[in-house]
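Our numbering puts the first residue of the sequence shown at 125, with every later residue one more than the last.
Scroll down for the structure; my scribbles are underneath it.
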Amino acid sequence: PPQTRLHLVNHGETGPIRCNRCKAYMCPLMQFIEGGRRYQCGFCNCINDVPPFFFQHLDHMGRRIDHYERPELSLGSYEYVATLDYCRDKKPPKPPAFIFMIDVSYRNIKSGLVKLICDELKTLLDKLPREDQEQPSAIRVGFVTYNKVLHFFNVKSSLAQPQMMVVTDVAEVFVPLLDGFLVDFEESRSVVTNLLDQIPELFADTNESETIFAPVIQAGMEALKAAECAGKLFIFHSSLPTAEAPGKLKNRDDKKLLNTDKEKTLFQPQGNYEALAKDCVANGCCVNLFLFPNQYVDVASMGLVTMYTGGTLYKYNNFQINTDSPQFLSDLRKDIQKKMGFDATMRVRTSTGFRATDFFGAIYMNNTTDVEMAAIDCDKAVTVEFKHDDKLNEDTGALIQCAVLYTSMSGQRRIRIHNIGLNCSSQLADVYRTCETDALINFFAKSAFKAILSQPLKTVRDILMNQTAHMLACYKKNCASPAAVSQLILPDTMKVLPVYMNCLLKSSVLAGRPEIPTDERAFHRQLVMAMGVADTQLFFYPLLLPIHNLDLKSDTVPAAVRCSEERLSEGGAFLLANGLSMFLWLGASVSPELIQGLFNVPSFAHISTEATSLPDLDNPFSKKLKHILEQIQSQKPHTMKLMIVKQREQPEMLFRQFLVEDKGIYGGASYVDFLVCIHKEITQLLS
Numbered sequence: 125p126p127q128t129r130l131h132l133v134n135h136g137e138t139g140p141i142r143c144n145r146c147k148a149y150m151c152p153l154m155q156f157i158e159g160g161r162r163y164q165c166g167f168c169n170c171i172n173d174v175p176p177f178f179f180q181h182l183d184h185m186g187r188r189i190d191h192y193e194r195p196e197l198s199l200g201s202y203e204y205v206a207t208l209d210y211c212r213d214k215k216p217p218k219p220p221a222f223i224f225m226i227d228v229s230y231r232n233i234k235s236g237l238v239k240l241i242c243d244e245l246k247t248l249l250d251k252l253p254r255e256d257q258e259q260p261s262a263i264r265v266g267f268v269t270y271n272k273v274l275h276f277f278n279v280k281s282s283l284a285q286p287q288m289m290v291v292t293d294v295a296e297v298f299v300p301l302l303d304g305f306l307v308d309f310e311e312s313r314s315v316v317t318n319l320l321d322q323i324p325e326l327f328a329d330t331n332e333s334e335t336i337f338a339p340v341i342q343a344g345m346e347a348l349k350a351a352e353c354a355g356k357l358f359i360f361h362s363s364l365p366t367a368e369a370p371g372k373l374k375n376r377d378d379k380k381l382l383n384t385d386k387e388k389t390l391f392q393p394q395g396n397y398e399a400l401a402k403d404c405v406a407n408g409c410c411v412n413l414f415l416f417p418n419q420y421v422d423v424a425s426m427g428l429v430t431m432y433t434g435g436t437l438y439k440y441n442n443f444q445i446n447t448d449s450p451q452f453l454s455d456l457r458k459d460i461q462k463k464m465g466f467d468a469t470m471r472v473r474t475s476t477g478f479r480a481t482d483f484f485g486a487i488y489m490n491n492t493t494d495v496e497m498a499a500i501d502c503d504k505a506v507t508v509e510f511k512h513d514d515k516l517n518e519d520t521g522a523l524i525q526c527a528v529l530y531t532s533m534s535g536q537r538r539i540r541i542h543n544i545g546l547n548c549s550s551q552l553a554d555v556y557r558t559c560e561t562d563a564l565i566n567f568f569a570k571s572a573f574k575a576i577l578s579q580p581l582k583t584v585r586d587i588l589m590n591q592t593a594h595m596l597a598c599y600k601k602n603c604a605s606p607a608a609v610s611q612l613i614l615p616d617t618m619k620v621l622p623v624y625m626n627c628l629l630k631s632s633v634l635a636g637r638p639e640i641p642t643d644e645r646a647f648h649r650q651l652v653m654a655m656g657v658a659d660t661q662l663f664f665y666p667l668l669l670p671i672h673n674l675d676l677k678s679d680t681v682p683a684a685v686r687c688s689e690e691r692l693s694e695g696g697a698f699l700l701a702n703g704l705s706m707f708l709w710l711g712a713s714v715s716p717e718l719i720q721g722l723f724n725v726p727s728f729a730h731i732s733t734e735a736t737s738l739p740d741l742d743n744p745f746s747k748k749l750k751h752i753l754e755q756i757q758s759q760k761p762h763t764m765k766l767m768i769v770k771q772r773e774q775p776e777m778l779f780r781q782f783l784v785e786d787k788g789i790y791g792g793a794s795y796v797d798f799l800v801c802i803h804k805e806i807t808q809l810l811s
């Protein structure tokens with residue numbers, strides 16, 4: 125949902141006011157004393173002097189009289205303009221750049237993908253993100269194509285035609301030009317448009333099928349470094365990089381490793397990708413990867429730089445121009461236009477008694493406290509684990525301040541601050557009463573998906589089972605009435621925890637099954653690591669909506685039903701979505717009126733399952749369903765391709781694996797069986 129823009133606080137050359145001892149930023153959790161001349165830090169209790177320019181008298185309540193006029197004293201979230209002390213080399217940052225890097229190997233040219241990308245960019249470059257809707261975008265753009273070698277393009281506005289420079293030494297990549305590589309699209313519009321028209325023709329007769337990959341990222345990073353700016357690479361790639369070059373990959377997919385101690389190696393990157401990711405983060409280079417594979421491409425290695433740099437990975441298996449273009453183009457449009465910050469560092473401070481100990485997300489960590497992100501956008505979330513190391517005070521509560529230093533889209537260095545004060549309680553019942561299952565699932569998913577890099581999957585699954593049983597056993601022992609000895613007792617706030625835990629345990633990542641491609645598992649693992657709470661919630665437990673009896677007069681989405689075959693009916697039609705996939709399931713005896721209204725065909729037999737969208741029809745039912753589809757889609761970062769599934773026909777198998785309360789089609793317990801299992805564990809723990 126569109127939120128109000130955060131207030132921007134600017135203290136000029138003095139910069140943000142910070143505690144002398146713990147360096148926390150001025151916020152509503154600071155207490156002013158001595159008539160307003162000093163303040164006590166809420167985080168470390170240090171007494172600080174108030175700088176003269178910031179002084180203000182206190183009212184009879186001990187609150188500053190300008191309390192409500194200053195965002196940093198009255199709001200939980202706001203931003204500071206940072207001074208040069210917060211900038212690289214103490215110089216103001218330049219506006220960021222986007223570099224488009226297109227794989228022009230044989231398959232991409234022949235499939236029409238290269239032409240599709242070039243045609244789309246001509247209109248998309250007008251929609252580059254901007255800080256202020258009134259201002260033109262400050263983001264500059266550059267273009268590279270590649271197969272076994274790299275082609276850089278000079279698109280300087282003074283040129284009549286773009287110029288191509290080829291780099292054949294891919295072992296030691298250098299950037300062959302500075303001036304004219306990164307340009308303002310408005311100024312260089314005609315040269316850039318010429319280039320985008322020419323690229324598909326330039327390589328029309330290519331028969332080069334081998335590609336490089338790591339040198340492409342290296343080249344983009346070096347270009348940003350040379351231009352002294354942060355930025356984002358958009359890489360469009362389709363095959364395993366097998367050409368002789370750094371980052372060359374071999375096919376190491378091995379189903380024999382499933383359910384052995386070596387299964388974890390399938391998720392570990394090959395070669396030098398970890399070092400490359402570290403370099404990218406250090407240089408503020410975010411890598412976005414659009415993959416179009418038709419076989420194994422080692423996503424665990426190729427997607428690693430994307431994950432560490434706060435980029436997004438998009439994957440379109442067996443891409444077909446006519447059916448898959450809308451999904452890809454929608455993803456590309458969203459990604460280019462989304463709000464983001466570059467070259468970011470995040471620091472979490474807490475009041476005494478507890479501290480942040482672990483961080484999970486699309487992040488890189490050089491030390492234990494600084495979370496580094498080449499970029500952060502509106503679809504990413506970092507999950508933080510806190511641990512007690514001392515007693516917490518019930519009177520003052522627990523305070524947390526999260527500060528993110530970043531470069532804005534207009535090239536301004538800023539610090540975004542979020543503050544929260546939480547109550548503490550010595551009563552276990554209070555802890556359970558206020559617990560949030562959605563946040564727990566996000567945390568358990570990310571910690572498990574991080575752990576599988578170093579531990580056997582069976583160990584990780586056992587730990588999750590144990591933790592679930594322990595949380596519920598502790599509640600039963602300390603908070604439930606003793607009468608219910610033999611019953612399974614769940615706290616109100618955790619009623620759905622077992623459902624979600626079971627979904628996590630039988631997810632493609634944790635349940636090693638030969639039917640699920642290794643790349644698909646690596647892809648899901650990397651996506652979940654960057655997800656926010658609402659996205660993990662939908663990913664593990666999909667939305668299932670009955671649409672055969674829509675209320676056409678109301679604007680609301682129908683109430684969801686539980687994800688189980690029991691809820692489906694022969695005469696019904698159901699929509700299922702999990703944030704990546706979307707299905708329209710049709711029962712064998714669904715009404716002819718519904719079929720006519722949605723598909724404009726007379727009967728069930730006439731419905732084609734080839735279509736990936738619904739026809740545009742001028743009737744209330746069709747319009748209402750389209751509206752529902754748009755509503756579900758608008759809140760999700762990835763565009764979901766619609767699959768039409770008919771009862772008792774082959775693709776139904778694919779749909780059934782999303783009915784997560786049932787026994788998994790490739791194994792995995794039903795929800796009811798899982799409850800029995802958890803109940804047994806709890807009883808054992810308590811006896």
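Glycine included, each C-beta is placed from N, C-alpha and C at the ideal position.
Own chain, CB closer than 7 Å to residue i, minus 5 neighbours either side, in chain order
i: residue 507; result: 484, 485, 566, 567, 570
i: residue 636; result: 382, 383, 387, 581
i: residue 211; result: 217, 537
i: residue 812; result: Lying before the first or after the last residue shown, residue 812 is absent from the chain, which here runs from 125 to 811.
Alpha-carbon to alpha-carbon, residue j and residue i
i: residue 125; j: residue 775; result: With a pLDDT of only 45 at residue 125, under 50, the local geometry of the prediction cannot be trusted, and the value read off the model is given with reservation. Each residue's Cα considered, the two are about 34 Å apart.
i: residue 749; j: residue 671; result: 8 Å
i: residue 478; j: residue 364; result: 46 Å
i: residue 653; j: residue 661; result: 13 Å
i: residue 418; j: residue 597; result: 47 Å
i: residue 461; j: residue 529; result: 21 Å
i: residue 493; j: residue 472; result: 8 Å
i: residue 452; j: residue 416; result: 10 Å
i: residue 656; j: residue 179; result: 39 Å
i: residue 425; j: residue 296; result: 20 Å
i: residue 523; j: residue 165; result: 11 Å
i: residue 644; j: residue 632; result: 8 Å
i: residue 206; j: residue 367; result: 45 Å
i: residue 140; j: residue 203; result: 10 Å
i: residue 434; j: residue 807; result: 43 Å
i: residue 474; j: residue 505; result: 19 Å
Classification of residue i by the beta-carbon crowding that lies within 10 angstroms, buried from 16 upward
i: residue 444; result: exposed
i: residue 446; result: exposed
i: residue 170; result: exposed
i: residue 436; result: buried
i: residue 610; result: exposed
i: residue 659; result: buried
i: residue 627; result: buried
i: residue 692; result: buried
i: residue 699; result: buried
i: residue 464; result: buried
Of the listed residues the options, nearest to residue i (C-alpha basis)
i: residue 710; options: 386, 463, 625, 772; result: 772
i: residue 240; options: 634, 467, 791, 454; result: 454
i: residue 649; options: 141, 697, 575; result: 575
i: residue 325; options: 757, 243, 577, 134; result: 243
i: residue 235; options: 448, 137, 377, 298; result: 448
i: residue 413; options: 159, 517, 651, 705; result: 651
i: residue 689; options: 732, 183, 785, 790; result: 785
Close-in-space but distant-in-sequence residues of the same chain around residue i (CB under 6 Å, 5 per side omitted)
i: residue 224; result: 267, 358
i: residue 512; result: 478
i: residue 306; result: 221, 264, 266, 351
i: residue 554; result: none
i: residue 278; result: 287, 301, 304
i: residue 547; result: 521
8 Å CB neighbourhood of residue i in its chain, flanking five on each side removed
i: residue 214; result: 208
i: residue 586; result: none
Contact belief for residue i with residue j at Cβ below 8 Å, rounded distance in angstroms
i: residue 499; j: residue 410; result: 4 Å
i: residue 408; j: residue 347; result: Actually they do not touch by this definition, with Cβ atoms about 12 Å apart.
Residue i Cβ short of 7 Å to the ligand NAD heavy atom set
i: residue 282; result: Among the components modelled here there is no ligand, and therefore nothing to report on the ligand NAD.
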